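See below for the structure under consideration.
Number of protein chains: 2
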Amino acid sequence: MTEVTTSPVNASAELLARRQRVLGQGYRLFYQEPLHPVRGEGVWLFDAQGKRYLDVYNNVASVGHCHPAVVDAIARQSAQLNTHTRYLHHAIVDFAEDLLREFPADLDNLMLTCTGSEANDLALRIARHVTGGTGVIVTRWAYHGVTSALAELSPSLGDGVTRGNYVKLIDAPDNYRQPGAFLASVQAALAEMRAEGIRPAALLFDTIFSSDGVFSPLAGEVAQAVQWVRDAGGLFIADEVQPGFGRTGEAMWGFARHQVVPDLVSLGKPMGNGHPIAGLVGKSALFAAFGRDVSYFNTFGGNPVSCQAAHAVLRVIREEQLQQNALWVGHCLREGLQALAQHHALLGDVRGSGLFVGAELVSDRENKTPASAEAVAVVNTMRQRGVLISATGPAGNILKIRPPLVFREEHAALFLDTLDAVLTEVAQR
Amino acid sequence: MTEVTTSPVNASAELLARRQRVLGQGYRLFYQEPLHPVRGEGVWLFDAQGKRYLDVYNNVASVGHCHPAVVDAIARQSAQLNTHTRYLHHAIVDFAEDLLREFPADLDNLMLTCTGSEANDLALRIARHVTGGTGVIVTRWAYHGVTSALAELSPSLGDGVTRGNYVKLIDAPDNYRQPGAFLASVQAALAEMRAEGIRPAALLFDTIFSSDGVFSPLAGEVAQAVQWVRDAGGLFIADEVQPGFGRTGEAMWGFARHQVVPDLVSLGKPMGNGHPIAGLVGKSALFAAFGRDVSYFNTFGGNPVSCQAAHAVLRVIREEQLQQNALWVGHCLREGLQALAQHHALLGDVRGSGLFVGAELVSDRENKTPASAEAVAVVNTMRQRGVLISATGPAGNILKIRPPLVFREEHAALFLDTLDAVLTEVAQR
Numbered sequence: 001m002t003e004v005t006t007s008p009v010n011a012s013a014e015l016l017a018r019r020q021r022v023l024g025q026g027y028r029l030f031y032q033e034p035l036h037p038v039r040g041e042g043v044w045l046f047d048a049q050g051k052r053y054l055d056v057y058n059n060v061a062s063v064g065h066c067h068p069a070v071v072d073a074i075a076r077q078s079a080q081l082n083t084h085t086r087y088l089h090h091a092i093v094d095f096a097e098d099l100l101r102e103f104p105a106d107l108d109n110l111m112l113t114c115t116g117s118e119a120n121d122l123a124l125r126i127a128r129h130v131t132g133g134t135g136v137i138v139t140r141w142a143y144h145g146v147t148s149a150l151a152e153l154s155p156s157l158g159d160g161v162t163r164g165n166y167v168k169l170i171d172a173p174d175n176y177r178q179p180g181a182f183l184a185s186v187q188a189a190l191a192e193m194r195a196e197g198i199r200p201a202a203l204l205f206d207t208i209f210s211s212d213g214v215f216s217p218l219a220g221e222v223a224q225a226v227q228w229v230r231d232a233g234g235l236f237i238a239d240e241v242q243p244g245f246g247r248t249g250e251a252m253w254g255f256a257r258h259q260v261v262p263d264l265v266s267l268g269k270p271m272g273n274g275h276p277i278a279g280l281v282g283k284s285a286l287f288a289a290f291g292r293d294v295s296y297f298n299t300f301g302g303n304p305v306s307c308q309a310a311h312a313v314l315r316v317i318r319e320e321q322l323q324q325n326a327l328w329v330g331h332c333l334r335e336g337l338q339a340l341a342q343h344h345a346l347l348g349d350v351r352g353s354g355l356f357v358g359a360e361l362v363s364d365r366e367n368k369t370p371a372s373a374e375a376v377a378v379v380n381t382m383r384q385r386g387v388l389i390s391a392t393g394p395a396g397n398i399l400k401i402r403p404p405l406v407f408r409e410e411h412a413a414l415f416l417d418t419l420d421a422v423l424t425e426v427a428q429r
Numbered sequence: 430m431t432e433v434t435t436s437p438v439n440a441s442a443e444l445l446a447r448r449q450r451v452l453g454q455g456y457r458l459f460y461q462e463p464l465h466p467v468r469g470e471g472v473w474l475f476d477a478q479g480k481r482y483l484d485v486y487n488n489v490a491s492v493g494h495c496h497p498a499v500v501d502a503i504a505r506q507s508a509q510l511n512t513h514t515r516y517l518h519h520a521i522v523d524f525a526e527d528l529l530r531e532f533p534a535d536l537d538n539l540m541l542t543c544t545g546s547e548a549n550d551l552a553l554r555i556a557r558h559v560t561g562g563t564g565v566i567v568t569r570w571a572y573h574g575v576t577s578a579l580a581e582l583s584p585s586l587g588d589g590v591t592r593g594n595y596v597k598l599i600d601a602p603d604n605y606r607q608p609g610a611f612l613a614s615v616q617a618a619l620a621e622m623r624a625e626g627i628r629p630a631a632l633l634f635d636t637i638f639s640s641d642g643v644f645s646p647l648a649g650e651v652a653q654a655v656q657w658v659r660d661a662g663g664l665f666i667a668d669e670v671q672p673g674f675g676r677t678g679e680a681m682w683g684f685a686r687h688q689v690v691p692d693l694v695s696l697g698k699p700m701g702n703g704h705p706i707a708g709l710v711g712k713s714a715l716f717a718a719f720g721r722d723v724s725y726f727n728t729f730g731g732n733p734v735s736c737q738a739a740h741a742v743l744r745v746i747r748e749e750q751l752q753q754n755a756l757w758v759g760h761c762l763r764e765g766l767q768a769l770a771q772h773h774a775l776l777g778d779v780r781g782s783g784l785f786v787g788a789e790l791v792s793d794r795e796n797k798t799p800a801s802a803e804a805v806a807v808v809n810t811m812r813q814r815g816v817l818i819s820a821t822g823p824a825g826n827i828l829k830i831r832p833p834l835v836f837r838e839e840h841a842a843l844f845l846d847t848l849d850a851v852l853t854e855v856a857q858r
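Those protein sequences? They're chains A and B, same order as listed.
For what it's worth, this note's numbering labels the leading residue of the first sequence as 1, then goes sequentially.
For what it's worth, this note's numbering labels the leading residue of the second sequence as 430, then goes sequentially.
Following this line, the structure appears as structure tokens:
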């Protein structure tokens, strides 16, 4: 008999083969060499071989991987009671009251779901119900979720998803490539709906325009667009699944940057630091009009464990001043990236807000040609060197730099040093 | 200054008032006097006043409220790592392999979501994508979930939800009121689609027909219906969100009762004993055909914590032989109910499978007039006496008796004694 030893790398390869046998083939893995993390702490992930990775990607574990306050809240409530919203429980009420304090007074009601997809889908149902319209305006490379209705509103999923003519696409407010296009396309979308006899139900966008490429509209642009949509009878739904909960630094919610108060605000990803909770905040009159006609019950939505998890996250964001941290370290990150742009021609544009940063790679600054292959190389080389990022946008050439909110200046420095070396290496290939 | 003391009852009233201010007005509470539980253990819930309630309703906490094995699994993995399926992790692979052992060999792939709604919505997307059809056949009082697409397939939500003509309603296999109607209506639905040029995508039903009123089709009826639908180009999606995971006693899945192998099987509620996890099991060829054209990523779906929770539930079901318990105690429950029917004219019919029992109340056995008001009275009086049940069906006159699977003979005896007394009391009013 021979003794067979399996190296850690083989263990990952074996796990990958087993995974491919049992999971639906739609499942994808990040990186040319998939990551196999087994432990997380703060801004660090540790793989099966004990190697540590600086996490500059995961916005879900926003208060840091395995934050003890959140872990404790989940463990404690799980051991005590986990039921549903058809019974009275203090956890949902305490959390709802506390969360709503973070919103303008008009936004005074909460409904809870398990995922951002469920929140956006519910927003859509409410908007269509109360306006009587069907038309929805979304950005050209939007992503809003995985349900049948949201896939239609998520052109970034590709051409495999067909959409009805009641979905109108607008340009994201991309002031690097096409300033002014955003407002012009909103006008065009509304005109098209009028011509086709489609009543608008909503304008829906991610307030940081993440999948489109991370953009900041000019002052007043969003308010103008929202006004036009409201004049035409539609609502404004702010998708805060990615920018919400302090990430943009300037405010708790991304819509505050745009000086508008939405009608409905969907929340998700970082809400429970990875525990599946999401929700919809809105004007009570809208919820009441919907609730009068339609019964809505989400079995897991608003259960005591999920509410305790989300409440712990909210408290940590405040106590550790993570919004302020996002503002400051995000500023340092962008300054650092702009400095790198001085000697790396690949870095065409640096933008974003707080700890949601986009860095656009171009192979030619004059023509702004998207450097898509280089972005793939940068992302994978960074991973080899122990730093996790990703890329976004229609051409996949915009580095997505979006760490947990406990990312500090020292982490930003390590990230920038690594990126500096990797940009040099990739440019020389 | 006067000292103000608040009684526990007032505390619940105050909590209710606070709840109504902050939660969307669509939220409903069970019972004329809402329940305010603060602790759960096994088949028991304890309210804020320390009173205990026998839980004969909650199918989500299926291995018992706060089962230590599930609580531990959640607490341990939460403290270690919680990420997503774009990284390799053993928990999802171990769970998927183990879960798929419980299915016929044809059903060889798993996709994970957070809720049964997401699972059914994904099933629908896949069915429409691979068949090229849009038509869906559901029962007349079906409930399949809360998304825009599923609300259309859930007529039990009421007339506030409009549906397209590609949704066709069939009669549930109700052999108490209308034997034979099920198959005839499937034929009629398919004929209607042919006449309207609608291609069928799927036949979708809950294999225990819960919202319709808890029914058991005659042998061969379901197989015949599925054959007709497949001949017309559609798939059969088994909604196992309620009957799955051993509840029906005879088998792990409700579809086994009907001697058919579905194309897709949606799972949910009891899967994580209250932790938000759900999923879709199906033929790998279907997932592959969908995955080739459409990108699907569910942020929280299949995260390590959810997988550990669900894996713990699966192990407990096996180790504590809960399917066998459901078979035996369900049998005792139905025998006991049939004995009660000897001297309670209200009890018109007793049916179900395992620990999913329906008891239909009629004010007149000859005409089978639904005793809807009496059902409300029975449910509320039972609650006053410390036993939790609910009612279902279009007329709300069918008692829904559906306890955690750790419900034993002694609990069945307590339930039956209480129901006996309550039926006497309600009949005398």
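Glycine residues also receive a C-beta, built at the ideal position from the N, C-alpha and C atoms.
Predicted model only: the values in this text are computed from it and were never measured.
Are there 16 or more other CB atoms within 10 angstroms of the CB of residue i, so buried, or fewer, so exposed?
| i | result |
| --- | --- |
| A:E366 | exposed |
| A:H67 | buried |
| A:P179 | exposed |
| B:E838 | exposed |
| B:K698 | buried |
| B:K597 | buried |
| B:M430 | A caution first: B:M430 carries a pLDDT of 36, below 50, which makes its placement in the model too unreliable to give a value. |
| A:D55 | buried |
| A:N325 | buried |
| A:V4 | Since pLDDT at A:V4 reaches only 47, below the 50 mark, its modelled position is unreliable, and the value read off the structure follows with that caveat. Exposed, by the Cβ-count rule. |
| A:T139 | buried |
Could you check whether the Cβ of residue i sits closer than 8 Å to any Cβ belonging to chain A?
| i | result |
| --- | --- |
| B:V807 | no |
| B:V723 | yes |
| B:E547 | yes |
| B:Y595 | no |
| B:D550 | yes |
| B:Y456 | yes |
Against chain B, with Cβ distances strictly below 8 Å, would residue i count as a contact?
| i | result |
| --- | --- |
| A:H36 | yes |
| A:I74 | yes |
| A:M1 | Only weak support is given to the placement of A:M1: the predicted model assigns it a pLDDT of 36, under 50, and the value that follows is read from those uncertain coordinates. So, not an interface residue. |
| A:L81 | yes |
| A:D239 | no |
| A:K269 | yes |
| A:T5 | With a pLDDT of only 49 at A:T5, under the threshold of 50, the placement of this residue in the model should not be trusted; the figure read from the coordinates follows. False, the Cβ-Cβ gap to chain B never drops below 8 Å. |
| A:A288 | yes |
| A:P179 | no |
| A:Y87 | yes |
| A:E97 | yes |
Could you check if residue i belongs to the surroundings of the ligand HEM, using beta carbon to heavy atom distance under 7 Å?
| i | result |
| --- | --- |
| B:P699 | The model on display carries no ligand, and the ligand HEM is accordingly not part of it. |
Look up residue i in the DSSP assignment and give the residues it is bridged to.
| i | result |
| --- | --- |
| A:A238 | A:F205, A:V265 |
| B:A707 | B:T542 |
| A:L314 | Paired residues: none, contrary to the question. |
| A:D349 | A:E360 |
| B:K597 | B:I566 |
| A:Y53 | A:L45 |
Please compile the residues from chain C whose C-beta is within a distance smaller than 8 Å of the C-beta of residue i.
| i | result |
| --- | --- |
| B:S801 | In the structure shown, chain C cannot be found, because the protein chains are A and B. |
Should the segment 616–628 of chain B be regarded as contacting the segment 683–701 of chain B, the criterion being three or more beta carbon pairs within less than 8 Å? no
Specify whether the segment 133–149 of chain A and the segment 201–219 of chain A touch according to this definition: at least 3 beta carbon pairs, one from each stretch, less than 8 Å apart. yes
Can you confirm whether the segment 112–120 of chain A touches the segment 165–175 of chain A when touching is taken to mean that 3 or more C-beta pairs between the two stretches lie within less than 8 Å? no
Whole beta strand (DSSP E) elements within the segment 550–579 of chain B, 3-residue minimum: 564–568
Which ranges does the beta strand (DSSP E) cover as unbroken runs of at least 3 residues, wholly within the segment 781–840 of chain B, from first to last along the chain? 785–793, 819–821, 827–830
Are at least three pairs of beta-carbons, each pair with one atom in the segment 667–680 of chain B and one in the segment 501–511 of chain B, less than 8 Å apart? no
For the segment 433–475 of chain B, list the beta strand (DSSP E) runs that are entirely contained and at least 3 residues long, ordered along the chain. You should have 466–470.
Does the segment 367–380 of chain A come close enough to the segment 391–401 of chain A to have 3 or more Cβ pairs within less than 8 Å? yes
Contact the segment 411–418 of chain A vs the segment 380–392 of chain A: 3+ CB pairs below 8 Å: yes
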